[in-house]
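Structure, as structure tokens:
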Amino acid sequence: MAWEDSSFKWRPKIEETFRWDANVIYSLRGPRQVGKTTLIRLKIRELLRSGVDGRRIFYWTCDQVEAFERLTSIVNEYVEWARRFSDDRLYLFLDEVSAVKDWQRSIKYLYDINKLKNCLVVLTGSHSLDLAKATESLAGRRGEVEKLADNMPDKVFLSAKFSEYVETRSPEMSKVLHRLNIDSTPNRLRVLHDLAGGVIPDCIHALRPHSKELEGLLDDYAVTGGIPRAVNSYLSQGTIPDLVYGDYVNLILRDTARWGGNETYLRQIAERVIETLSSQVSWNTLKEETEISSHDTARWYVDILKNSFVAAYIHHLDEGRGMPYPRKAKKIYFRDPFIFHALRWWALGGRSPFDETMDLLKDPEEKSRLVESVVCEHMIRLLSDLEPSPQFDYTVRLFYWESRKKREVDFVTKLGDAYLPIELKYQSSIQRNDAYSIIDFTKGGKAHKGILVTKDALAQGRTYVGIPAPLFLLIV
Numbered sequence: 045m046a047w048e049d050s051s052f053k054w055r056p057k058i059e060e061t062f063r064w065d066a067n068v069i070y071s072l073r074g075p076r077q078v079g080k081t082t083l084i085r086l087k088i089r090e091l092l093r094s095g096v097d098g099r100r101i102f103y104w105t106c107d108q109v110e111a112f113e114r115l116t117s118i119v120n121e122y123v124e125w126a127r128r129f130s131d132d133r134l135y136l137f138l139d140e141v142s143a144v145k146d147w148q149r150s151i152k153y154l155y156d157i158n159k160l161k162n163c164l165v166v167l168t169g170s171h172s173l174d175l176a177k178a179t180e181s182l183a184g185r186r187g188e189v190e191k192l193a194d195n196m197p198d199k200v201f202l203s204a205k206f207s208e209y210v211e212t213r214s215p216e217m218s219k220v221l222h223r224l225n226i227d228s229t230p231n232r233l234r235v236l237h238d239l240a241g242g243v244i245p246d247c248i249h250a251l252r253p254h255s256k257e258l259e260g261l262l263d264d265y266a267v268t269g270g271i272p273r274a275v276n277s278y279l280s281q282g283t284i285p286d287l288v289y290g291d292y293v294n295l296i297l298r299d300t301a302r303w304g305g306n307e308t309y310l311r312q313i314a315e316r317v318i319e320t321l322s323s324q325v326s327w328n329t330l331k332e333e334t335e336i337s338s339h340d341t342a343r344w345y346v347d348i349l350k351n352s353f354v355a356a357y358i359h360h361l362d363e364g365r366g367m368p369y370p371r372k373a374k375k376i377y378f379r380d381p382f383i384f385h386a387l388r389w390w391a392l393g394g395r396s397p398f399d400e401t402m403d404l405l406k407d408p409e410e411k412s413r414l415v416e417s418v419v420c421e422h423m424i425r426l427l428s429d430l431e432p433s434p435q436f437d438y439t440v441r442l443f444y445w446e447s448r449k450k451r452e453v454d455f456v457t458k459l460g461d462a463y464l465p466i467e468l469k470y471q472s473s474i475q476r477n478d479a480y481s482i483i484d485f486t487k488g489g490k491a492h493k494g495i496l497v498t499k500d501a502l503a504q505g506r507t508y509v510g511i512p513a514p515l516f517l518l519i520v
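Start counting the sequence shown at 45; every next residue gets the next number (the working numbering).
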């Protein structure tokens, strides 16, 4: 198995949220090449090694299934065959089921005629809208959901976040993080509350001696992101082949075509998103210098990227309502560094994508924008962990803010009754004027202090705490 030979043997924590001894219909969504198929194959291997009869395990990749009627036939034929040998639980894995239009109709029908009785089903896909459709269309048809600790059969499987990357890359750091219980959601929330109060918690001081190693790992993470195939290539070969970037782009293009998108328009929008990364941008501004005539069309293509787990966008905070201000400009980010590099190479052209990546990361301003994207993604994940739900919407919990003096706070989120402003200053030296945007925000009485995410500086000011980016990413 390829995973055995990999230099990056990541076991995602989402695996622990499944109950493999319950008859549940799960959906598993996430970006392309994140490892959904690998997770399934590892589970199949474990089932076989535990003594499960191979005839009770069914795996089918749905990329070439042309219609939901055909999917119904495939599953029905297997179940009827398997029941000739056993009445025990069957394990059905339907990979990339989102490739089949109206696949939910097939699963609903099979459930209603009792073909999925005493079955554990895992349905994977690469589009977040399928998650919503599964929740709506299959309501009351998910099996023994009450046996799940989180009561959530719909799972989102994202690329490795920085703490998972560090744990997998460095056995020494893994021991440190486990000792500090750094990935516990209550602990992460407690640390953020300390920082919001201007206190540097003990875990930050405990991590400080490892700063150099963590800085190096963040430099690597900026190249590969948390995409296992990219990480493995980089660690084993010292480079990432063009094929790895190309395969990812081709999968995105294929998914976009399924949703009725135009490749030329997608390329032009991707180019504009890259050019305006981390800056305020309206839908009208985004369509400038493209062939797209409508701001609604520009938004549709950004939403394609959003729903494919490629990009995320946040709104300006309306302080009075504590809600997003939709009419104001947005800020758009990529959800993983490797995804950014792959789309940038495809949209802008150039030499080898790996060479383009390494050249870009030599530019401090470009690297800062990429790290800001990583911070955004990690804040989205933290908020999702705090409010686990298939209907979770990060755009009503994470914002940016701009003062009347046009000083911007990169991220603002609400913790309890107060807001927490977070500003990225990816530099080693911190001055008081670097915190002016946080000072402006605190004058409104909505927050006492904020966080400056720095390159490597640990600092305490009257209105902020400065935390090096690698340490901040570990705790969120």
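All residues carry an ideal CB built from backbone N, CA and C; glycine is no exception.
Give the DSSP-derived three-state secondary structure of residue i in the structure shown.
{"i": "Y470", "result": "coil"}
{"i": "W445", "result": "strand"}
{"i": "H360", "result": "strand"}
{"i": "A462", "result": "strand"}
{"i": "I157", "result": "coil"}
{"i": "R371", "result": "strand"}
{"i": "R73", "result": "strand"}
{"i": "E257", "result": "helix"}
{"i": "C247", "result": "helix"}
{"i": "V267", "result": "helix"}
{"i": "P512", "result": "strand"}
{"i": "C163", "result": "strand"}
{"i": "Q324", "result": "strand"}
{"i": "W64", "result": "coil"}
{"i": "R378", "result": "Correcting the residue type first, residue 378 is Phe in the shown sequence and not Arg. In this structure, F378 counts as strand in the three-state DSSP scheme."}
{"i": "E335", "result": "coil"}
{"i": "T212", "result": "helix"}
{"i": "D194", "result": "coil"}
{"i": "G290", "result": "helix"}
{"i": "E452", "result": "strand"}
{"i": "I495", "result": "strand"}
{"i": "V419", "result": "helix"}
{"i": "L31", "result": "Absent from the structure is residue 31, since the part of the chain shown begins at 45 and ends at 520."}
{"i": "F102", "result": "strand"}
{"i": "T486", "result": "helix"}
{"i": "V200", "result": "strand"}
{"i": "Q475", "result": "coil"}
{"i": "A111", "result": "coil"}
{"i": "A386", "result": "helix"}
{"i": "Q504", "result": "strand"}
Cα-Cα, which of the options is closest to residue i?
{"i": "A501", "options": "H492, F516, G488 and R133", "result": "F516"}
{"i": "S417", "options": "V497, K458 and D403", "result": "V497"}
{"i": "V521", "options": "Y155, R85, R89 and K145", "result": "A query on residue 521 cannot be resolved here, the shown segment of the chain reaching from 45 to 520 and no further."}
{"i": "V293", "options": "N231, K372, W389 and P512", "result": "W389"}
{"i": "F378", "options": "E190, M367, L361 and D347", "result": "D347"}
{"i": "M367", "options": "E140, V456, E431 and R273", "result": "V456"}
{"i": "K374", "options": "A204, S473 and V317", "result": "V317"}
{"i": "T29", "options": "Y369, L258, P434 and F384", "result": "What is shown of the chain runs 45 to 520, which leaves residue 29 out entirely."}
{"i": "M196", "options": "I424, S117 and Q435", "result": "Q435"}
{"i": "F62", "options": "K199, L160, F52 and G184", "result": "K199"}
{"i": "L545", "options": "S94, L426 and V144", "result": "The question about residue 545 has no answer here: the residues shown for the chain are numbered 45 through 520."}
{"i": "F52", "options": "I84, Y438 and D264", "result": "D264"}
{"i": "R448", "options": "P432, V440 and S481", "result": "S481"}
{"i": "M217", "options": "D246, S255, G242 and L236", "result": "S255"}
{"i": "H237", "options": "P514, E190 and A491", "result": "A491"}
Quick test of your reading: residue i and residue j, contact by CB under 8 Å. State the CB separation rounded to the nearest angstrom.
{"i": "F102", "j": "L134", "result": "7 Å"}
{"i": "I313", "j": "Y345", "result": "4 Å"}
{"i": "L182", "j": "I151", "result": "6 Å"}
{"i": "S170", "j": "S428", "result": "That pair is no contact at about 18 Å."}
{"i": "G488", "j": "E315", "result": "At roughly 37 Å, the Cβ-Cβ gap does not stay under 8 Å, so G488 and E315 are not in contact."}
{"i": "I248", "j": "Q504", "result": "Not really, about 11 Å apart at Cβ, beyond 8 Å."}
Do residue j and residue i count as a contact pair if the criterion is CB distance below 8 Å?
{"i": "I519", "j": "R186", "result": "no"}
{"i": "L459", "j": "G494", "result": "no"}
{"i": "C106", "j": "E59", "result": "no"}
{"i": "V78", "j": "F206", "result": "no"}
{"i": "A266", "j": "V415", "result": "yes"}
{"i": "H596", "j": "K372", "result": "With the chain running from 45 to 520 in the structure shown, residue 596 is simply not present."}
{"i": "V453", "j": "F485", "result": "yes"}
{"i": "V210", "j": "L136", "result": "no"}
{"i": "K499", "j": "Q471", "result": "yes"}
{"i": "A462", "j": "T507", "result": "no"}
{"i": "R100", "j": "D132", "result": "yes"}
{"i": "K80", "j": "T212", "result": "no"}
{"i": "A250", "j": "L224", "result": "yes"}
Counting Cβ pairs closer than 8 Å, one from the stretch 163-173 and one from the stretch 61-68, do we hit at least three? Contact check between the stretch 163-173 and the stretch 61-68: three or more CB pairs, one atom from each, fall below 8 Å, which counts as touching.
Could you tell me whether the stretch 269-288 touches the stretch 388-407, using the rule of 3 or more Cβ pairs below 8 Å? With a cut-off of 8 Å, the stretch 388-407 and the stretch 269-288 count as touching, because enough Cβ pairs lie within range.
Would you call the stretch 117-131 and the stretch 79-90 touching, i.e. three or more CB-CB distances under 8 Å? Verdict: no, contact absent.
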